[in-house]
């Protein structure tokens, strides 16, 4: 239970991580405690990408650049807003490796039971990353429970955060079916962030150009007035 009393159930004052070593199958997880979800997830992402590279072999120059941009651009873009502007995260106790083999239903088919020992105090949306993969149908009863957990603000970033969380599972060396899929998803998010930056720069340049024109017109009017 992440080192917190069972009575807390869905919140842990010690923030993000777990007090004991957890594993996905036989793979050890990075479990350092952090106050910030952005800091924790960034460390974890670097950890899983390094593990994936050791398993698959050295990245190409293009892949290495993609990894660098993903960590330095994508993660702060979609994680930092969760804990800024007056927003914060209450860590939830997440299973982190939910797939049909870890989920069974009671006879009434309404109460799901989950198995395995991969628990982590984390942002609640982390749990939804695995669900994005179409090969993991868990049933309506399970998703019905998750409708009670609200999407974090800013809501417009949810889909991109969900892709970011899905990449964690696609880098799993034990899941060969997703090999290389994560590179395409990383590139998609990097491209989206780069497009945002480009749009922002165009808008800023346009504003500066407009201000220069206004200043020029003002100067002309002053000359005419004299």
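In my numbering, the protein residues as written are 7 to 232. All residues carry an ideal CB built from backbone N, CA and C; glycine is no exception.
Collapsed DSSP secondary structure at residue i in the structure displayed
i           : result
residue 120 : strand
residue 109 : strand
residue 98  : strand
residue 10  : For residue 10, the predicted model reports a pLDDT of 37, less than 50, meaning its position is unreliable; a value from the coordinates is still stated below. Of the three classes helix, strand and coil, the one that applies to residue 10 here is coil, per DSSP.
residue 126 : strand
residue 40  : strand
residue 64  : coil
residue 177 : coil
residue 135 : coil
residue 93  : coil
residue 85  : helix
residue 79  : helix
residue 193 : helix
residue 155 : coil
Cutoff 7 angstroms; reference residue i; Cβ partners in own chain excluding five residues on either side
i           : result
residue 74  : none
residue 193 : 72
residue 167 : 84 and 131
Given residue i as reference, the closest of the options once Cα atoms are compared
i           : options             : result
residue 97  : 67, 175 and 133     : 133
residue 117 : 200, 79, 152 and 44 : 152
residue 89  : 113, 67 and 129     : 129
Supposed contact pair residue j and residue i - C-beta distance, whole angstroms, cut 8 angstroms
i           : j           : result
residue 79  : residue 199 : 5 angstroms
residue 189 : residue 69  : 6 angstroms
Same chain only: Cβ atoms within 6 angstroms of residue i, ignoring 5 sequence neighbours per side
i           : result
residue 58  : 177
residue 93  : 159
residue 81  : 48
residue 212 : none
Spatial neighbours of residue i in its chain, beta-carbon cut-off 8 angstroms, leaving aside the 5 residues before and after
i           : result
residue 164 : 131, 157 and 158
residue 114 : none
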